[in-house]
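These protein sequence lines are chains X and L, in that order.
Each residue of the first sequence is one higher than the one before, starting from 9 at the first, in the numbering used here.
Each residue of the second sequence is one higher than the one before, starting from 9 at the first, in the numbering used here.
Presented below is the structure to which this report refers.
Protein chains: 2
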Amino acid sequence: MATSANTTTPNTLLLKNPSIFKTSTSAFHAFPISKRLSISIKCSHSATVVAPPTQDRVFNFAAGPATLPENVLRKAESELYNWRGAGMSVMEMSHRGKEFMSIIQKAESDLRKLLDISDDYAVLFLQGGATTQFASIPLNICKPQDPVDYIVTGSWGDKAFKEATKYCKPKVIWSGKSDKYTGIPDFNALDQNSDSRYLHICANETIHGVEFKDYPTPAALLVADMSSNFCSKPVDVSKFGIIYAGAQKNVGPSGVTIVIVRKDLIGDAQEITPVMLDYKIHADNNSLYNTPPCYGIYMCGLVFEDLLAQGGLVEVEKKNIKKAQILYDAIDESNGFYRSPVEKSVRSLMNVPFTLEKAELEAEFVKEAAKEKMIQLKGHRSVGGMRASIYNAMPLAGVEKLVAFMKDFQARHG
Amino acid sequence: MATSANTTTPNTLLLKNPSIFKTSTSAFHAFPISKRLSISIKCSHSATVVAPPTQDRVFNFAAGPATLPENVLRKAESELYNWRGAGMSVMEMSHRGKEFMSIIQKAESDLRKLLDISDDYAVLFLQGGATTQFASIPLNICKPQDPVDYIVTGSWGDKAFKEATKYCKPKVIWSGKSDKYTGIPDFNALDQNSDSRYLHICANETIHGVEFKDYPTPAALLVADMSSNFCSKPVDVSKFGIIYAGAQKNVGPSGVTIVIVRKDLIGDAQEITPVMLDYKIHADNNSLYNTPPCYGIYMCGLVFEDLLAQGGLVEVEKKNIKKAQILYDAIDESNGFYRSPVEKSVRSLMNVPFTLEKAELEAEFVKEAAKEKMIQLKGHRSVGGMRASIYNAMPLAGVEKLVAFMKDFQARHG
């Protein structure tokens, strides 16, 4: 992506912004024929001069908000002031106007293509992050006395469980806490409650770096927080009652939460449910009951287009596997200088926590990496160590640069 | 603003983006001395060529999301791909990184300056719109049996009341419904419950265009939804227990909700309160308990800077009064061709609903205005007629153009 942006963006600009083309050509004709070639080159280059060249860009390993596809940022930049000739920014559009309606409808239909979501499911663009869904889910599909099961493989699953205690009778049927959240349970050994309304999992634990590679069969419904691996690989949506995800890892900026919910689960919320947490309100109004986070939804739409242009999630997953492989290999082949605490079979493709054998070198590692324009490699404050988040938009070049740096760092400090 | 943008933006770009300056000069030096002047002019002009010229911009009278200051959009455009040399977009920044921390802290401190907010109040940047606050307020400051009073001057006040019925014992002590929401009550005649936990008002009704010019004295606390007139004029915050506002009218894009709450009211939420609706969680974490709507907060910050640069809210109010005056005058001096349903003394400076004596001409009015690049003048579907929303960022030139069009339309159809 890093390299493609340079070549694609000017074209995008000319295609999407006819006025630029006008500007360029009129400027072009303002100069004598003998000078036109050089001038027209400068003008077409100058269409992106508001942003510095690619080499000024850092490799951002933040866990979210996280790096976005460079060509998506270039397109957003070119459309920010005047969206496709509408005479206004997407940020200024009435959410009920034809321009924004076309944006949100396209975003939904592209997401349905990416994940092959059937009409049995509603796709909602909401606010409040996964943390709001921790309450919305039991409020929408449970009665106060309903038992529900939670598998807790990290901090986020634990937070989801704790919030649910306010609205139903959740039970932790498996916790990885005693092993410092480094594994996923054996599904056959799970002690599920046959009356459980749903089984909740966090498909990828952003902080601990453990990821479900397959999914347990629930007594009733499977509900998954996919915030940090959403759209990073194909998923059989039909296996789930609800999938929810904050956008700020793989698909957009923070402030948008996507909920994919089976339609037959909608419409029986508890009486105490705030109207903004009621799925029926949003489903009946196509996510436009009140003003949605319009610009964030627009950005997600640009990312969905980019993922489809890459060949869809099958191709995206291949790239993510390759990136993760070279990083885990570097860790495993360091003779213990670097260490991954996570069981090999469930290591996350998205978030790669690792420690140094000599813990006293970790601060130096982060500091030197930052000097090399590789930022946000410090592990979450709750677990320490390092963490490299390598979401969809992290270029292979970024992981290769990190791996080269790790080997050099080891050579100097090993 | 419309005119200033042309001159200020290139300077902003050079100041905020040293790399552009580098790019320009290197391009500059690539040409023979005899050509430098003309080339450097082209390059400096081309720094804004990604956006069409100002005259391509529409006048957007939408009620929200609404028009934003043109110079703010230009600045956001220039910083979108690489924020002030950070090597990343604001949309990609970790909300716990030093870059975003500086953005949210500056936004809060500028808002405190604008409204002269004392340390007795917390300023929270949240999600979910005013509609989420309709639940958050009683959940945070009431027990289920607490009586509270609502003055209902329009659709939003009514929605706030209905949501509160889930969490406390609200009573409508005055409603303008029988008069189609065209007035504000006489404060002396209000039958307030002396035990009422708070008195709720909607300071400006976006749909009906009625605005409180002064505020009633509550039995206990005054709580105000200021979504559609927030930062449009000075407000004595010390008169209020809670002020809340969706950003998407006067201060930013949709997806950000600002809550100004007296600190002594924080920390006693009902047990059923979703964690994301608990003011204490957000106050204790400086609005960073979970990932906030970072880019929206950044945009609000740019708007706050712009409002301060205009001289603060005293100066902003003067401009708003002038804009509203010429529009209401045009209506009142039309010999009944145009009609404002709202009592003169409480007409909103922000949202100006009006009807045509010949209702059959309204569709034509909206259609012809759109041809003249004045959009979103159709009244809310619930009340019909027309509505011109003229928030802070609507230039005087936009209102003058609308008034000229109204007179011409009357001459042709009167």
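We treat Cβ as the ideally placed atom computed from N, Cα and C, and that holds for glycine.
In this structure, how does DSSP classify residue i when only helix, strand and coil are distinguished?
i, result
"Phe362 of chain X", "strand"
"Val283 of chain X", "helix"
"His421 of chain X", "helix"
"Ser48 of chain X", "Unreliable placement is indicated for Ser48 of chain X, whose pLDDT of 31 sits below 50; no coordinate value is reported for it."
"Asn212 of chain L", "strand"
"Asp194 of chain L", "coil"
"Met109 of chain X", "helix"
"Leu404 of chain X", "helix"
"Arg104 of chain X", "coil"
"Glu78 of chain X", "helix"
"Tyr297 of chain X", "coil"
"Asp314 of chain L", "helix"
"Val411 of chain L", "helix"
"Ser144 of chain L", "helix"
"Met96 of chain X", "coil"
"Tyr158 of chain L", "strand"
"Ser163 of chain L", "helix"
"Leu426 of chain X", "Residue 426 of chain X lies beyond the range of chain X shown here (9 to 422); nothing can be said about it."
"Ala70 of chain X", "coil"
"Asp179 of chain X", "It should be pointed out that residue 179 of chain X corresponds to Lys in this sequence rather than to Asp. In this structure, Lys179 of chain X counts as strand in the three-state DSSP scheme."
"Ile339 of chain L", "helix"
"Ile510 of chain L", "The structure shown does not extend to residue 510 of chain L, since chain L is modelled only from 9 through 422, so no value can be given for it."
"Asp416 of chain X", "helix"
"Leu122 of chain X", "helix"
"Ser34 of chain X", "Only weak support exists for where Ser34 of chain X lies, its pLDDT of 36 falling under 50; the coordinates are left without a value."
"Tyr206 of chain X", "strand"
"Thr173 of chain L", "coil"
"Thr225 of chain L", "coil"
"Tyr306 of chain X", "helix"
"Ser54 of chain L", "Per-residue confidence for Ser54 of chain L stands at a pLDDT of 35, beneath the threshold of 50, marking its modelled position as unreliable; the derived number appears in the next sentence. Correct three-state label for Ser54 of chain L: helix."
"His290 of chain L", "helix"
"Gly319 of chain L", "coil"
"Ile274 of chain L", "coil"
"Gly7 of chain L", "Nothing about residue 7 of chain L can be read from this structure; chain L reaches only from 9 to 422."
"Leu88 of chain L", "coil"
"Lys114 of chain L", "helix"
State the Cα-Cα distance for the pair residue i and residue j, rounded to the nearest angstrom.
i, j, result
"Pro403 of chain X", "Asn90 of chain L", "17 angstroms"
"Val98 of chain X", "Gly137 of chain L", "18 angstroms"
"His423 of chain X", "Lys352 of chain X", "Chain X is shown only over 9 to 422; residue 423 of chain X falls outside these bounds and no answer can be derived."
"Ala84 of chain L", "Phe108 of chain X", "20 angstroms"
"Cys308 of chain L", "Ile111 of chain L", "10 angstroms"
"Glu323 of chain L", "Thr299 of chain X", "29 angstroms"
"Ala94 of chain X", "Ala70 of chain L", "14 angstroms"
"Ile268 of chain L", "Phe142 of chain L", "14 angstroms"
"Pro73 of chain L", "Leu296 of chain L", "24 angstroms"
"Lys415 of chain X", "Val66 of chain X", "20 angstroms"
"His421 of chain L", "Ser186 of chain L", "32 angstroms"
"Asp276 of chain L", "Ser144 of chain L", "12 angstroms"
"Ser348 of chain X", "Lys331 of chain X", "16 angstroms"
"Tyr252 of chain L", "Phe362 of chain L", "27 angstroms"
"Val80 of chain L", "Leu310 of chain L", "6 angstroms"
"Glu325 of chain L", "Val243 of chain L", "11 angstroms"
"Phe248 of chain L", "Ile329 of chain L", "24 angstroms"
Of all the CB atoms in chain B, is at least one closer than 8 angstroms to the CB of residue i?
i, result
"Leu132 of chain X", "Although the question refers to chain B, the structure presented lacks it and instead comprises the protein chains X and L."
In the DSSP assignment, what are the bridge partners of residue i?
i, result
"Val267 of chain L", "L:Leu132, L:Tyr252"
"Tyr346 of chain X", "X:Leu364"
"Phe238 of chain X", "Bridge partners of Phe238 of chain X: none, in fact."
"Glu219 of chain L", "L:Asn212"
"Ile383 of chain L", "L:Asn68"
"Arg355 of chain L", "L:Val218"
Looking only at its own chain, which residues have a Cβ that is under 7 angstroms from the Cβ of residue i, when we skip the five neighbours before and after it?
i, result
"Asp203 of chain X", "Pro155"
"Gln256 of chain X", "Gly72, Pro73, Ala74, Ser262"
"Val180 of chain X", "Tyr158, Val160, Phe169"
Please work out which residues of its chain come closer than 6 angstroms, Cβ to Cβ, to residue i, disregarding the five sequence neighbours upstream and downstream, and give them in chain order.
i, result
"Asn201 of chain L", "Pro155, Asp157"
"Ala172 of chain X", "Pro146, Pro178"
For residue i, which residues of its own chain have a beta-carbon under 8 angstroms away from its beta-carbon, when the five flanking residues on both sides are left out?
i, result
"Thr190 of chain L", "Gly184, His216, Val218, Pro349, Val350, Glu351"
"Val409 of chain X", "The amino acid occupying residue 409 of chain X in the given sequence is Lys; Val does not appear at that position. Once the five neighbours on either side are set aside, the close Cβ partners of Lys409 of chain X are Phe67, Glu380, Met382."
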